[in-house]
Amino acid sequence: MQQLLSTLGRVFRERIGWKRVGIVASIVIVSIAIMHLFRTLKGVDTAIVLTALAEKSQGQIALAALCVLGAFFTLTFYDLFALRTIGKTHVPYRIAALSSFTSYTIGHNLGATVFTGGAIRFRIYSDWGLSAIDVAKICFISGLTFWLGNTFVLGIGMIWHPAAASSIDLLPESVNRLIGIGLLAGIAVYLAWIATGHGRRKLGKDGWKVHLPSAPLTALQILIGVVDLGFCALAMYLLAPSSPDLDFVTLSVVFILATLLGFASHAPGSLGVFDAAMLVGLPMLGKEELLASLLVFRILYFLIPFATSITIMGIRELWLSVILPWQQSRKLRPAPAVAQSSPPQSKPKQAAE
Numbered sequence: 004m005q006q007l008l009s010t011l012g013r014v015f016r017e018r019i020g021w022k023r024v025g026i027v028a029s030i031v032i033v034s035i036a037i038m039h040l041f042r043t044l045k046g047v048d049t050a051i052v053l054t055a056l057a058e059k060s061q062g063q064i065a066l067a068a069l070c071v072l073g074a075f076f077t078l079t080f081y082d083l084f085a086l087r088t089i090g091k092t093h094v095p096y097r098i099a100a101l102s103s104f105t106s107y108t109i110g111h112n113l114g115a116t117v118f119t120g121g122a123i124r125f126r127i128y129s130d131w132g133l134s135a136i137d138v139a140k141i142c143f144i145s146g147l148t149f150w151l152g153n154t155f156v157l158g159i160g161m162i163w164h165p166a167a168a169s170s171i172d173l174l175p176e177s178v179n180r181l182i183g184i185g186l187l188a189g190i191a192v193y194l195a196w197i198a199t200g201h202g203r204r205k206l207g208k209d210g211w212k213v214h215l216p217s218a219p220l221t222a223l224q225i226l227i228g229v230v231d232l233g234f235c236a237l238a239m240y241l242l243a244p245s246s247p248d249l250d251f252v253t254l255s256v257v258f259i260l261a262t263l264l265g266f267a268s269h270a271p272g273s274l275g276v277f278d279a280a281m282l283v284g285l286p287m288l289g290k291e292e293l294l295a296s297l298l299v300f301r302i303l304y305f306l307i308p309f310a311t312s313i314t315i316m317g318i319r320e321l322w323l324s325v326i327l328p329w330q331q332s333r334k335l336r337p338a339p340a341v342a343q344s345s346p347p348q349s350k351p352k353q354a355a356e
């Protein structure tokens, strides 16, 4: 049996591979989302959407914007936590915040976050002496923070309100509750595995080996992910239509599932996938009103941060690649020699006639 499993595993790695599985899964998720989106948007009245947009109060949008700011502030601790975990304590918070913010917003909006976000991180951290392996470890630990936080909140939400998840995954409430219990049990097992190890647990081999955070630090890691997700869900909740009444837990469960589907699709900005999941998961809300809320959320959470990140990175590259070398070349350039003028000669006195 063991030989059969080994043979099947080798055939899978050589003939198929996880990369192709991921590509197929992304295509399937995007295709299903687009079909659902077209079906959901049939008969939508654009005038009602515009009216719903106009009815969003400035205070409502301002509070949602503050929640988005809180989410991105929490996001900066993803990289800081990862840097301290791998022992790179010389990198200051401002650099970790810059890297975390720009890599997430640019990578998530362009798609293929693993590659685009990793490239931006390497561009920033290489100036502080970090190698490509160090950046890969930071990406891994930051991703672990995201998934632990999402898994924890999703597990609680599916136990507390399984019907909210049923609107998306179409599974019975009892099955969703079991899934929620399984998610929390998985986190508990992971924490127990971390806590019972002699010293810090390690993953990887040869030159690529990462030390996992201790159990107390893993709890802090989960808390960072939960706070980040809580701010995002609260921003969406503040923008959601006020009628009919919608409890925060229901919206949070749908929001997490929509976010995870968006990440799994690798679509730029989760465009289409996130929106379709939200529309399918919240059928009790009017489509036009919910579309207006999603448009405002996209502006606050996707477009404005993306434009800000592009501007920051553009100014940084201009400074590092153009202005700074020009200033250094000016300092190294020898000063022009000053021509020494000979002292004026006195004219000979004319002979007196």
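Residues 4 to 356 in our numbering are what the sequence shown spells out, letter by letter.
For each residue, glycine too, the CB sits at the ideal point set by N, CA and C.
As the structure is a computational prediction, the values presented were derived from the model and not from experiment.
Distance between beta carbons of residue j and residue i, contact taken as under 8 Å
i, j, result
"A238", "A67", "4 Å"
"S227", "F80", "Note on residue identity: the sequence assigns Ile, not Ser, to residue 227. Confirmed, about 5 Å."
"P308", "T119", "At roughly 15 Å, the Cβ-Cβ gap does not stay under 8 Å, so P308 and T119 are not in contact."
"I141", "L86", "7 Å"
Assigned exposure category for residue i - 16 Cβ within 10 Å defines buried
i, result
"I184", "exposed"
"Y304", "buried"
"S296", "buried"
"M287", "exposed"
"D130", "exposed"
"I326", "exposed"
"S255", "buried"
"I171", "buried"
"K334", "exposed"
"G116", "Note on residue identity: the sequence assigns Thr, not Gly, to residue 116. Buried."
"T54", "exposed"
"A74", "buried"
"Q353", "Residue placement at Q353 is flagged as unreliable, the pLDDT there being 48, under the threshold of 50; the coordinate-derived value follows with that caveat. By the 10 Å Cβ count, Q353 comes out exposed."
"G2", "Outside the modelled stretch of the chain, which goes from 4 to 356, sits residue 2, for which no answer is possible."
"A261", "buried"
"L173", "exposed"
For residue j and residue i, the rounded distance between their alpha carbons
i, j, result
"S134", "S169", "44 Å"
"G114", "A270", "5 Å"
"Q61", "L69", "12 Å"
"D250", "W150", "24 Å"
"G275", "R319", "32 Å"
"F76", "I98", "13 Å"
"Y128", "A100", "12 Å"
"V192", "L241", "35 Å"
"L105", "I313", "Correcting the residue type first, residue 105 is Thr in the shown sequence and not Leu. Approximately 8 Å between the Cα atoms of the pair."
"R197", "A218", "The sequence shown places Ile at residue 197, rather than the Arg named in the question. For I197 and A218, the distance between alpha carbons rounds to 6 Å."
"T221", "P328", "43 Å"
"A122", "G200", "33 Å"
"I182", "A280", "19 Å"
"G152", "I225", "5 Å"
"V229", "G160", "12 Å"
"P244", "V178", "29 Å"
"E292", "C235", "19 Å"
"K205", "L323", "37 Å"
"V311", "F143", "It is worth fixing the name first, because residue 311 is Thr in this sequence and not Val. The straight-line gap from Cα to Cα measures roughly 25 Å."
"S332", "L321", "16 Å"
"F266", "H164", "23 Å"
"K290", "F277", "14 Å"
"L83", "P175", "40 Å"
"A65", "D248", "21 Å"
"R180", "G202", "35 Å"
"L282", "S268", "17 Å"
"I315", "L78", "17 Å"
"G207", "V257", "34 Å"
"P95", "T148", "20 Å"
"L264", "R124", "24 Å"
Member of the options whose CA lies at the smallest distance from the CA of residue i
i, options, result
"G284", "A166, T77, L53, K140", "A166"
"S145", "S103, V156, F155, F277", "S103"
"I215", "E58, I89, L83, V52", "Reading off the sequence shown, one finds Leu at residue 215, where the question assumed Ile. Residue I89 is the option with its Cα nearest to L215."
"L187", "W211, F258, V299, L157", "L157"
"T92", "L56, A65, A122, G132", "G132"
"A57", "V299, G207, K334", "V299"
"H111", "L335, L306, R333, D82", "L306"
"T154", "A243, I259, E291", "I259"
"V213", "I136, L173, P95, A261", "I136"
"V252", "L264, S268, L263, L232", "L232"
"K59", "L294, I315, T148, Y96", "L294"
"V71", "G317, A261, I315, R301", "R301"
"W211", "V52, V138, F125", "V138"
"L194", "L223, K208, G207", "L223"
"G317", "R126, Y96, Q63", "R126"
Enumerated in chain order, which unbroken segments of the alpha helix (DSSP H) with a length of 4 residues or greater are wholly contained in the segment 240-317? Runs of the alpha helix (DSSP H) inside the segment 240-317: 251-268, 276-284, 290-301.
Enumerate, from N- to C-terminal direction, the unbroken alpha helix (DSSP H) stretches of 4 or more residues contained entirely within the segment 52-133. Taken in chain order, the whole alpha helix (DSSP H) runs of length 4 or more contained in the segment 52-133 are 61-88, 96-113, 116-128.
Complete runs of the alpha helix (DSSP H) confined to the segment 187-230 [at least 4 residues]: none
Which runs of the alpha helix (DSSP H), 4 residues or longer, sit entirely within the segment 143-180? 165-172
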